[in-house]
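Numbering (our numbering), first residue to last: 542 to 625.
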Amino acid sequence: MTSDTRQHAHQLIDRMPETQLSGLVQFLETIVDPVATALRNAPIDDEPETGDEKNAVAEAKTWLQKNGGKGIPHAEAMRRLGLE
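This is how it looks when you write it as structure tokens:
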């Protein structure tokens, strides 16, 4: 975007009534960061947790307690998965 175009955009925004600015901000956020917008608008996961999921969370918490509350460093996890 040229500085003239940017300046023109700012001039148009300055002329907008306050009541329309929030809509414009939402539109611009969607353009600038569509992933954040999609996450913000995603429905809440309301599916009940399965028994397997509960067991996996409990296992992970136990593992963390046994390892000083620290996870595996990224490089180590990649090495263990053979992805380094």
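All C-beta atoms in this analysis are idealised placements derived from N, C-alpha and C, irrespective of residue type, glycine included.
Three-state class that DSSP yields for residue i in the structure shown
i: Asp587; result: coil
i: Gly610; result: coil
i: Pro575; result: helix
i: Met557; result: coil
i: Gly623; result: coil
Beta carbon of residue i nearer than 8 Å to that of residue j
i: Gly612; j: Leu622; result: no
Whole-Å CB distance - residue i paired with residue j, under 8 Å assumed
i: Leu565; j: Ile554; result: 7 Å
i: Thr560; j: Glu570; result: No, Thr560 and Glu570 are not in contact; Cβ-Cβ is about 18 Å, not under 8 Å.
Nonlocal neighbours in the same chain, by C-beta distance under 8 Å from residue i, ignoring five residues either side
i: Ala601; result: none
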